[in-house]
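> In my numbering, the protein residues as written are 2 to 956. C-beta: ideal position from N, C-alpha, C; glycine also. Following this message is one structure expressed as structure tokens.
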């Protein structure tokens with residue numbers, strides 16, 4: 002074991018000694034070595050840092066305060082300071098760590114922790130890293146996500162620790178002090194030290210350096226009441242000790258440096274200090290409350306605030322306040338008793354040192370983070386308390402063959418495949434982008450609740466109530482997945498309600514994962530790892546993702562986790578051009594959802610230009626069918642694989658000439674334009690994620706065929722250009738005169754369903770794709786709702802998948818969108834169907850979904866603050882009035898452990914200023930419709946759902 006500490010006072014070393022004691026208690030034969038982080042920085046630096054620290058505290062506390070405040074308030078300054086400190090200290094610690102090759106590394110000093118974190122990020126420290134924050138208040142120099150466990154001193158310190166580094170695993174430690182600091186017999190201790198047994202004894206200790214106005218503090222205590230008999234421990238401040246002895250006060254007991262401070266702590270009623278470091282921790286371990294008097298600058302004041310918030314200390318900052326506090330405690334002894342009880346509760350509930358050390362050795366390393374893709378960050382930026390961005394699904398189950406309903410265990414099994422189950426979303430800041438992080442300990446049981454609505458509750462009423470209640474409670478970035486199993490519905494039916502943060506996934510990936518799990522496909526989510534002991538279970542703690550420690554979140558590393566389609570050669574490469582993918586029903590098996598080669602497993606219609614709603618080419622329509630040898634594309638072990646970065650040779654656009662007089666200018670321009678070109682290239686061409694480009698069916702050597710790739714790239718670039726032009730000329734949405742207010746996250750969900758065979762029959766009769774027919778029914782329902790105020794056209798945002806075999810099962814929202822003006826003016830239903838078909842063909846068929854995806858990617862190049870503003874500008878009611886999505890589902894039966902999934906309803910989120918969202922899904926023998934409206938507008942949602950059914954009856 003290696004302990005990294007520093008001789009900056011004795012607090013850091015005291016914590017280290019406590020950890021060494023715990024190590025020897027658990028592993029008696031362990032070899033323990035110490036490293037002084039300041040000494041390793043180079044000759045003279047240790048003394049220099051000590052002098053600077055003393056001078057800051059005693060002479061220029063304002064400068065110390067300024068620096069301390071700056072690392073909290075100025076993000077770039079904090080980041081630059083942390084980076085410099087970590088790199089400097091990390092390089093200096095590399096040699097002793099490499100020579101010793103420890104099994105466990107512990108740090109009690111912030112610069113030491115910074116250096117260890119740097120070594121971990123550079124791949125030079127595979128051993129677990131534990132950091133103990135010996136101050137009550139952590140600050141950004143204390144906390145690093147690369148440490149595997151960061152232990153703070155109280156629950157109230159968790160929030161500032163996570164603010165310093167959101168990716169850190171934070172636990173609450175028992176006071177890291179030597180075992181001699183424990184509750185004991187106060188009367189015996191006073192008798193041993195010759196102190197009056199009935200006096201009120203405050204212990205004045207200002208740490209090993211004796212900071213502060215010790216004499217003033219002692220005088221104030223003596224003046225508080227004749228029953229006060231202070232003890233003053235002056236540490237190495239011999240001058241202060243001499244001045245106090247010169248007072249000649251018989252009630253005062255003066256102590257210089259002592260190796261047995263626990264004796265005096267046990268004898269005291271309270272401990273008076275000004276720093277909040279090791280002295281306060283020793284007091285808490287002995288069960289003594291703390292009086293923080295005139296706390297020193299920066300970390301001393303921060304410690305005082307947090308200890309007061311925790312109920313463990315009282316703070317006095319002005320002359321006379323300490324004496325007044327003592328008189329108050331003498332007058333109200335119950336108050337002192339309450340503080341002592343709070344101290345005892347904290348020590349009882351905090352994690353013992355031995356248990357924390359055991360978990361560091363046995364639990365997985367703290368996973369690294371992955372930056373959010375721009376498409377996912379969009380939904381983080383646009384979310385508000387009133388308009389949270391969550392999507393979901395509602396699965397209705399028939400009873401099993403024996404008449405029993407679906408069980409909690411069945412639901413847990415199904416949820417195990419949910420995208421984002423084990424990830425947390427770490428917030429962004431003004432400079433740093435939001436990121437995903439794995440939580441290996443989360444299981445589906447952690448996100449699933451159950452409710453029984455009563456024996457034989459009517460289906461429609463019970464389901465409406467449960468949906469409205471469940472989906473009105475937003476998921477959070479820290480809890481991207483929630484689920485509820487509803488049983489007790491008439492006929493022993495059951496319902497599983499699943500909500501996900503919109504940044505975590507899209508509808509196609511969610512349904513595909515659930516269907517694959519129900520049909521026995523191997524889930525992508527690995528078995529949960531044991532939780533680290535002492536790890537703080539945040540109110541919004543996270544959810545996890547992947548198989549590997551350095552996981553590209555959501556990407557599978559298993560060779561047999563084939564993602565693509567069965568039996569279609571072009572599906573392996575994601576190339577378009579399969580004949581059946583562009584007109585009529587798709588008969589290719591790569592349109593199948595789940596593991597099936599049967600023709601009846603195809604998902605809905607794949608009509609031009611709406612093939613499986615936005616999937617580009619046959620490969621994009623492939624939702625989970627396996628057996629393609631090259632279908633593992635996109636499952637990359639590279640950290641950036643989840644971000645969609647394309648490393649194919651043709652991923653960049655344009656050329657850079659080699660004329661010597663222009664090379665420098667072109668190089669500079671190329672570096673500036675590279676992010677934009679890369680973003681566009683990732684949309685315009687398949688993403689290979691550092692794997693070899695798959696070969697065509699005629700190639701047996703494993704090499705690509707450039708002659709076939711070039712036409713596809715040209716076509717995709719042309720499609721992208723047409724889509725951008727379509728978006729550019731669309732303008733703002735036509736004005737709609739209806740209530741757009743969204744005052745709360747509460748929602749109402751209206752449902753309906755149509756006969757799928759009848760929908761397909763009607764579509765063939767009127768010669769339009771089924772998707773276009775269904776959207777025409779939505780347009781008719783909107784016309785009926787708006788009545789005489791209905792505009793001629795109403796702008797609808799239609800999300801469409803842009804997933805391919807390389808991104809099929811990746812975490813995140815892989816969608817583009819097309820803004821379509823549906824005809825809502827006065828006309829016959831047959832005219833509306835033809836007009837809808839024509840408008841969709843004109844607007845969606847020109848590459849709008851991929852163009853929208855490209856625009857979102859390019860916006861993601863902006864700094865986080867600008868990206869947030871741009872996202873809120875483009876995703877709101879100014880540009881569209883309704884959200885509508887038609888999702889492919891399973892046509893063949895889906896059975897979960899004997900319970901048939903009878904129906905699935907897709908749940909969409911609203912957007913700011915957009916009060917209606919319509920989700921439609923093909924499932925088995927029906928088209929299901931789920932309309933989202935704000936609470937208070939229930940009648941509108943119910944009317945729209947009924948109008949869709951009525952309009953189809955007329956068709």
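#1: Tell me the rounded alpha-carbon separation between residue 241 and residue 259.
#2: According to the neighbour-count rule (16 or more other Cβ atoms, all chains shown, within 10 Å of its Cβ), is residue 302 buried or exposed?
#3: With C-beta atoms as the reference, is residue 930 less than 9 Å away from residue 946?
#4: Per DSSP, which residues does residue 317 bridge with? Please list them.
#5: In chain order, which continuous runs of the beta strand (DSSP E) of length 3 or greater are located wholly inside the region 16–60?
#6: Return the bridge partner residues of residue 391 from the DSSP annotation.
#7: Would you report the Cα separation of residue 386 and residue 332, rounded to the nearest angstrom?
#8: Can you tell me the Cα-Cα spacing of residue 310 and residue 299, whole angstroms?
#9: Taking the C-alpha atoms as reference points, what is the distance between residue 954 and residue 774?
#10: Enumerated in chain order, which unbroken segments of the alpha helix (DSSP H) with a length of 4 residues or greater are wholly contained in the region 823–902?
#11: In chain order, what residues of the same chain lie with their CB nearer than 6 Å to the CB of residue 498, ignoring the 5 residues before and after it?
#12: Whole angstroms are fine: how far does the CA of residue 68 sit from the CA of residue 868?
#13: Going by DSSP in three states, residue 287 sits in which element: helix, strand or coil?
#14: Pull up the distance between the alpha-carbon of residue 274 and that of residue 218, whole angstroms please.
#15: May I ask whether a heavy atom of the ligand GTP can be found less than 8 Å away from the beta carbon of residue 503?
#16: Suppose you measure from the CA of residue 411 to the CA of residue 35; what does that come to, to the nearest Å?
#17: Quick one: what's got a C-beta closer than 7 Å to residue 453's C-beta in the same chain, skipping five residues either side?
#18: Starting from the C-beta of residue 329, find all residues in its chain whose C-beta is less than 8 Å away, skip the five residues before and the five after it, and write them out in chain order.
#19: Report the three-state DSSP secondary structure of residue 155 (helix, strand or coil).
#20: My output table needs one value for residue 953: the three-state DSSP class, helix, strand or coil.
#21: Would you decide whether residue 804 is buried or exposed? Buried here means 16 or more other CB atoms lie within 10 Å of its CB.
#22: Rounding to the nearest angstrom, what Cα-Cα distance links residue 281 and residue 418 in this structure?
#23: Let me confirm a value: residue 350 is counted as buried when at least 16 other C-beta atoms fall within 10 Å, else exposed. Which label applies?
#24: Straight-line CA distance for residue 370 to residue 104?
#25: Here's the rule I'm using: 16 or more other beta-carbon atoms within 10 Å means buried, otherwise exposed. How should residue 1 be labelled?
#26: Would you mind giving the Cβ-Cβ distance between residue 382 and residue 872, rounded to the nearest angstrom? I have them listed as a contact below 8 Å.
#27: Count the other CB atoms within 10 Å of the CB of residue 420; is the residue buried (16 or more) or exposed (fewer)?
#28: What separation, rounded to the nearest whole angstrom, lies between the Cα atoms of residue 862 and residue 373?
#29: Using the C-alpha atoms, what's the distance from residue 821 back to residue 64?
#30: Within this structure, are the beta carbons of residue 127 and residue 327 separated by less than 9 Å?
#31: Which one of 314, 325, 324, 364 has the shortest CA to CA distance from residue 344?
#32: May I ask you to report which of helix, strand or coil DSSP gives residue 171?
#33: If I follow the unbroken alpha helix (DSSP H) through residue 345, where does it start and stop?
#34: Residue 451 to residue 403, Cα distance in whole Å?
#35: Does the beta-carbon distance from residue 425 to residue 481 come in below 9 Å?
#36: Here's the rule I'm using: 16 or more other beta-carbon atoms within 10 Å means buried, otherwise exposed. How should residue 85 be labelled?
Checking against the coordinates, here is how it stands:
#1: 15 Å
#2: buried
#3: yes
#4: 294
#5: 34–37
#6: 502
#7: 47 Å
#8: 17 Å
#9: 13 Å
#10: 830–844, 849–860, 865–875
#11: 395, 471, 485
#12: 29 Å
#13: coil
#14: 10 Å
#15: The ligand GTP is not part of this structure, which contains no ligands at all.
#16: 52 Å
#17: 488, 489
#18: 336
#19: coil
#20: helix
#21: buried
#22: 47 Å
#23: exposed
#24: 24 Å
#25: Given that the chain is displayed from residue 2 to residue 956, the structure contains no residue 1 and the question cannot be resolved.
#26: 4 Å
#27: buried
#28: 12 Å
#29: 59 Å
#30: no
#31: 314
#32: strand
#33: 334–350
#34: 21 Å
#35: yes
#36: exposed
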